[in-house]
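Enquirer: My structure is below; once you've seen it, I'll send some questions.
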Amino acid sequence: MSYKDMGRAGPLEIRTRGPPFGGLPQAQAGMKRSDSIGTIEKYWDDDAEWYEFHPNALAREGDGKFKELAVGKLLTVFLDYDGTLTPIVDEPDKAFMDDEVREAVRQCARRFPTAIISGRSRHKVSQFVQLEELYYAGSHGLDIAGPTRTSDGTPITATALAHQPAQWARDVMDRVTNDLIEKTRDIPGANIEHNMFCVSAHYRGVSDADRPRFQKIVDEIVASDECLIKHDGKMVWEVRPRVAWDKGKALSYLRDALIPDLAKKGFGSEEVFTVYVGDDVTDEDAFMEINEKLGDHLGVGVLVSHAPKVSAAKFSLRNTPEVLQFLTTLSKLADAGEVKTLPR
1 MSYKDMGRAG PLEIRTRGPP FGGLPQAQAG MKRSDSIGTI EKYWDDDAEW YEFHPNALAR
61 EGDGKFKELA VGKLLTVFLD YDGTLTPIVD EPDKAFMDDE VREAVRQCAR RFPTAIISGR
121 SRHKVSQFVQ LEELYYAGSH GLDIAGPTRT SDGTPITATA LAHQPAQWAR DVMDRVTNDL
181 IEKTRDIPGA NIEHNMFCVS AHYRGVSDAD RPRFQKIVDE IVASDECLIK HDGKMVWEVR
241 PRVAWDKGKA LSYLRDALIP DLAKKGFGSE EVFTVYVGDD VTDEDAFMEI NEKLGDHLGV
301 GVLVSHAPKV SAAKFSLRNT PEVLQFLTTL SKLADAGEVK TLPR
């Protein structure tokens with residue numbers, strides 16, 4: 001079956017309203033949201049066909065290239081962390097950020113409002129990134145805060161952007177973390193990460209034989225409390241509070257909070273172009289939020305993936321080195337006057 005000949009139901013079970021996303025033809029009925037994390041080769045004939053619908057964001061030629069959409073606008077840059085700014089690693093606590101990438105993010109923040117939206121706790125991801133001039137949304141957007149310093153180093157004492165839509169979940173996640181650690185002690189490679197308002201159960205280091213038992217433990221803990229829900233990620237199960245909030249909602253919250261401030265600086269809402277770069281299934285919420293709320297003329301998602309997979313993103317990048325190149329390109333576009341920048 002050709003990628004272009006797929007059926008008529010939305011390719012992801014939820015958020016199917018609004019325009020088709022990322023140029024993606026509508027897919028077969030019954031696809032699960034988790035399908036977007038895997039390589040689903042049967043939906044297209046070859047990689048070249050997939051790239052017709054998700055062109056590389058660095059491409060200089062071809063219809064609908066990134067620069068054509070962004071030219072003349074002020075960018076707002078939203079970035080995932082793991083798998084986007086740093087490669088996925090076997091030990092989550094060692095996902096350190098390369099200095100060259102950090103500098104590229106710093107340069108973006110000098111020119112555009114820039115945010116990190118991560119499944120990690122806000123405290124943990126900010127320690128990895130080490131840039132106080134950024135907006136941070138940790139725990140898949142459940143813990144949001146604004147910059148503590150301007151790009152020139154001036155301290156910011158007030159952060160009106162602070163938002164925690166599920167404050168009650170912190171104590172719940174303490175309990176979930178303790179339960180998971182206790183019940184998985186005898187599973188080699190099981191890694192439980194407390195991310196403040198969610199808990200990550202990493203199974204990358206768990207043998208194939210032990211994974212079903214690990215998953216059963218996670219499922220039983222989630223099933224024991226109606227306030228909990230499990231989400232799949234790259235070699236990880238995420239236990240989160242059952243609330244109507246995700247990376248997409250966090251993106252909209254931050255963008256909506258930025259618009260009035262940007263208006264004071266002379267930027268109309270139609271001049272603000274939102275870019276979200278991410279690699280995992282949880283980033284699809286942000287891609288779809290952009291498609292539904294903004295459309296191509298006001299924002300796009302950029303999927304980081306070395307292989308074709310179903311995604312709501314408009315554009316793609318193959319790996320973290322290309323993300324670095326993309327961020328550098330954004331700063332160059334600003335310096336060349338092709339996109340607008342924040343006043344300095």
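Quick note, the sequence shown lines up with residues 1 to 344 if you use the UniProt record's numbering. Just so you know, even glycine gets a beta-carbon here, dropped at the ideal spot from N, CA and C. As the structure is a prediction and not an experimental result, all values here were calculated from the model.
In angstroms with no decimal places, state the Cα-to-Cα distance between G205 and T76.
Expert: Straight-line Cα distance between these residues: approximately 36 Å.
Enquirer: If you compare alpha carbons, which of R170, S331, L180 is closest to V101?
Expert: S331
Enquirer: Taking the DSSP output, what are the residues bridged to H297?
Expert: Here H297 is not bridged, per DSSP, to any residue.
Enquirer: Under a Cβ-count criterion, where at least 16 other Cβ atoms within 10 Å of its own Cβ denotes burial, should N178 be classed as buried or exposed?
Expert: exposed
Enquirer: Should V105 and L74 be called a contact, given that it needs their Cβ atoms to be closer than 8 Å?
Expert: It is not a contact, given that the beta carbons lie outside the stated cut-off.
Enquirer: I'd like the span of the alpha helix (DSSP H) that includes H202, first residue to last.
Expert: Note, H202: premise wrong, no alpha helix (DSSP H); beta strand (DSSP E) at 199–202.
Enquirer: Take I221 and list the residues in its own chain whose beta-carbon comes closer than 8 Å to its own, dropping the five residues that flank it on each side.
Expert: The residues are V176, D179, L180, K183, L228, V239.
Enquirer: Label V302 either buried or exposed according to how many other C-beta atoms from any shown protein chain fall within 10 Å of its C-beta, with 16 as the threshold for buried.
Expert: In the assembly as shown, V302 is a buried residue. Its beta-carbon has 16 or more other beta-carbons within 10 Å.
Enquirer: Using only CA atoms, which one of T148, H163, A162 lies nearest to S156?
Expert: Correcting the residue identity first, residue 156 is Ile in this sequence and not Ser. Comparing Cα positions, the closest option is T148.
Enquirer: Apply the 10 Å Cβ neighbour rule to R120 and answer buried if 16 or more other Cβ atoms are within range, or exposed otherwise.
Expert: A buried status is given to R120, since no fewer than 16 other beta-carbon atoms sit within 10 Å of its beta-carbon.
Enquirer: Flag this pair as yes or no: are the beta carbons of G72 and V339 separated by less than 8 Å?
Expert: Closer than 8 Å, so yes.
Enquirer: So D80 and I117 are in contact, right, with Cβ under 8 Å, and what is the actual spacing, rounded?
Expert: 6 Å
Enquirer: Can you check whether the C-beta of F315 is within less than 8 Å of a C-beta belonging to chain C?
Expert: The structure shown has no chain C; it contains just one protein chain.
Enquirer: If you reduce the DSSP assignment to three classes, tell me which class L131 lands in.
Expert: coil
Enquirer: Which partner residues does S316 have in the DSSP bridge list?
Expert: N56, L303
Enquirer: Report yes if the CB atom of N56 is closer than 8 Å to the CB atom of S316, and no otherwise.
Expert: Less than 8 Å divides the Cβ of N56 from the Cβ of S316.
Enquirer: Considering residue 345, what are the terminal residues of the beta strand (DSSP E) in which it resides?
Expert: Because the chain spans 1 through 344 in this model, residue 345 falls outside it and cannot be assessed.
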